[in-house]
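Student:
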């Protein structure tokens, strides 16, 4: 849920009232509890968190749609159904973001776009792939001599053309030398204090 909390904290939401509509194919109590806890934190822009069991009802009037699942190629028919629902319920300006660790994410995002490419601007369909995320974390962890799991809060933006932008702004490195102790089990340093971005990005 890191992406959602960062979105709510970002400048994008400074002057907007945000309503989170959550569609779950099957009810998952753990996700429900986590999202309700986001509401309890009291983000100034967050007005409500609503849960839906019917996809079209959750899409009405959406500005941003997040698909959070590890999609595979055999999910093509499901993605095409999503595309049709979005065409009928969302605005032309709506942004669509596919998030997950599947290597098929870009392929499925292209399928989603191709179903209604006369309606969806290409720039409004993007992917955030966990495979690229893990590759970058591995590179960083090798540089600073920690485990891959100790590199956290990395943000990778991508699109359907396999172009990626890596944001180091929020990256923290746990259990590094000289780490600050926040609590008994939480040691970290901002990545920018360990390596400058130019060195990492090359």
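Numbering (the UniProt record's numbering), first residue to last: 1 to 202. Even for Gly, the Cβ is constructed at its ideal location relative to N, Cα and C. All figures in this text were calculated on a predicted structure; none of them were measured in a lab.
#1: Between 143, 142, 89, which has its C-alpha nearest residue 119's C-alpha?
#2: Taking the beta carbon of residue 67 as the centre, do at least 16 other beta carbons fall within 10 Å, making it buried, or is it exposed?
#3: Find out if the Cβ-Cβ distance for the pair residue 146, residue 134 is shorter than 8 Å.
#4: State buried or exposed for residue 81, treating a residue as buried only when at least 16 other CB atoms are found within 10 Å of its CB.
#5: Give the DSSP bridge partners of residue 18, in chain order.
#6: Hey, residue 112 and residue 93: beta-carbon distance below 8 Å or not?
#7: Quick check on residue 74: buried or exposed, where buried means 16 or more other Cβ atoms within 10 Å of its Cβ?
#8: Among 105, 60, 31, which residue has its Cα nearest to the Cα of residue 132?
#9: For the alpha helix (DSSP H) that residue 55 lies in, which residues bound it at each end?
#10: So, using beta-carbon positions, are residue 97 and residue 55 closer together than 8 Å?
#11: Go ahead and pull the three-state DSSP assignment for residue 68.
#12: List the endpoints of the continuous beta strand (DSSP E) containing residue 79.
Tutor: In brief:
#1: Walking along the chain shown from the start, residue 119 turns up at place 119. Comparing Cα-Cα distances from residue 119 to each of 143, 142, 89, the minimum goes to 89.
#2: Locating residue 67 in the chain shown gives position 67, counting from the first residue. Buried, since its Cβ has 16 or more Cβ neighbours within 10 Å.
#3: The residue labelled residue 146 in the question sits at position 146 within the chain shown. The residue labelled residue 134 in the question sits at position 134 within the chain shown. Result no, Cβ atoms of residue 146 and residue 134 do not sit closer than 8 Å.
#4: As a first step, residue 81 must be located in the chain shown, where it is residue number 81. So residue 81 ends up on the exposed side.
#5: Along the chain shown, one-based indexing puts residue 18 at 18. Its beta-bridge partners are 46.
#6: Indexing the chain shown from 1 puts residue 112 at position 112. Indexing the chain shown from 1 puts residue 93 at position 93. The answer is no: Cβ separation not under 8 Å.
#7: Within the chain shown, residue 74 is the residue found at index 74, counting from 1. Counting Cβ neighbours within 10 Å, residue 74 comes out exposed, since fewer than 16 surround it.
#8: Walking along the chain shown from the start, residue 132 turns up at place 132. The candidate whose alpha carbon is nearest that of residue 132 is 105.
#9: Here residue 55 corresponds to residue number 55 of the chain shown, with the count starting at 1. Residue 55 -> alpha helix (DSSP H) spans 55-59.
#10: Against the chain shown, residue 97 aligns to sequence position 97. Against the chain shown, residue 55 aligns to sequence position 55. Result no, Cβ atoms of residue 97 and residue 55 do not sit closer than 8 Å.
#11: The sequence position of residue 68 within the chain shown is 68, counting from 1. It is a strand residue.
#12: Stepping through the chain shown from its first residue, residue 79 is reached at position 79. Premise fails: residue 79 lies in the alpha helix (DSSP H), 76-89, not in any beta strand (DSSP E).
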